[in-house]
Amino acid sequence: MRKITNNQVRKWTKVNNVAIPASFSAWCPHCSEKVTFNTINHLHDPQRACVSASCYCPGCSHHVSIWSLGAHGPESAEVFIHPNTGEPHSPKDIALVISEPLYRSYTSTVDAYNSGNYAATAVCCRRTLEGIFQGLLPEGQQIHNLARAITEVAESVDLSEPIRNLADVLRQGGNIGAHFNMEKEPDEKMAFQMLTLLENIIDFLHVLPEEISSLEQLLDSKA
Ligand SMILES: [Zn+2]
């Protein structure tokens, strides 16, 4: 099941007072094209206060099922479609932490992937990686060979500094919680920041090495 958000709905209709999209725009789970679906064959289920319906992709003609729990009108309706494949890869929310040209390069990579252009994805990935590593090297010392740039960054930049800072911040946060000082009790914002830091540490220490190793194996198997 994949949730359809209100801003994907083009037009609402009502079946026995339950709101359901008459048409909505979504990525087709079968052909991965972004299309507008029209709902037909509505069926009201009064026990569950929902309406189910069918739609057919205008591109590939495959069937998609839809359910709407919309007894209180379109504003609060919850709408789901099945099957749940074909979801586009959504870009990470990193616009504020990298430069604007780098972010554009990154979103172009995501767009290339979502449109099924995997050769362009590889080219854009490489260009974005080059941008990331060039940005870490001192002004005037940029190296245009990606592998050499990465080696140079590994040798000249203290890559462990951010992780040391993360660990420090997390320890301080943990102390606050452990001492349970009413004035310093972590609020939702601080707890969320601590959780985010924890996840970043796991990504850095475990997910990243694992992903590099998987990519290495994949490249070796294709060689
Ligand atoms: Zn389709």
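The working numbering numbers the first residue of the sequence shown as 1157 and each following residue consecutively. Note that the Cβ used here is the ideal one computed from N, Cα and C, for glycine as well.
Item: CB-CB length for Cys1206 against Ser1224, believed under 8 Å; Value: 6 Å
Item: For Thr1195, the three-state DSSP class (helix, strand or coil); Value: coil
Item: Neighbourhood of Pro1239 by C-beta distance below 7 Å, restricted to the same chain and skipping five residues each side; Value: Pro1185
Item: Spatial distance of Ala1379 from Ser1370 (CA atoms); Value: 14 Å
Item: Beta-carbon spacing of Leu1258, Gly1229 below 8 Å; Value: no
Item: Distance, Gln1298 Cα to Met1157 Cα; Value: 47 Å
Item: Buried versus exposed call for Ile1319 [16 or more other C-beta atoms within 10 Å across all chains shown]; Value: exposed
Item: Heavy atom of ligand 1 within 7 Å of Glu1189 beta-carbon; Value: yes
Item: Any chain B beta carbon closer than 8 Å to Lys1378; Value: Judged by its chain identifiers, the structure shown contains no chain B, having just a single protein chain.
Item: Separation of Arg1282 from Ala1275, as counted between CA atoms; Value: 11 Å
Item: Whole runs of the beta strand (DSSP E) within the segment 1212-1279, excluding any shorter than 3 residues; Value: 1219-1225 and 1234-1238
Item: For Ser1208: DSSP bridge partner residues; Value: Leu1199 and Trp1223
Item: Sequence-distant residues of the same chain with beta carbon closer than 7 Å to Val1309, five excluded per side; Value: Phe1289, Leu1292 and Leu1293
Item: One or two residues paired with Lys1170 in a DSSP bridge; Value: Ala1175
Item: Strand pairing of Lys1190, partner residues [DSSP]; Value: Trp1183
Item: Any non-hydrogen atom of ligand 1 closer than 7 Å to Gly1215 Cβ; Value: yes
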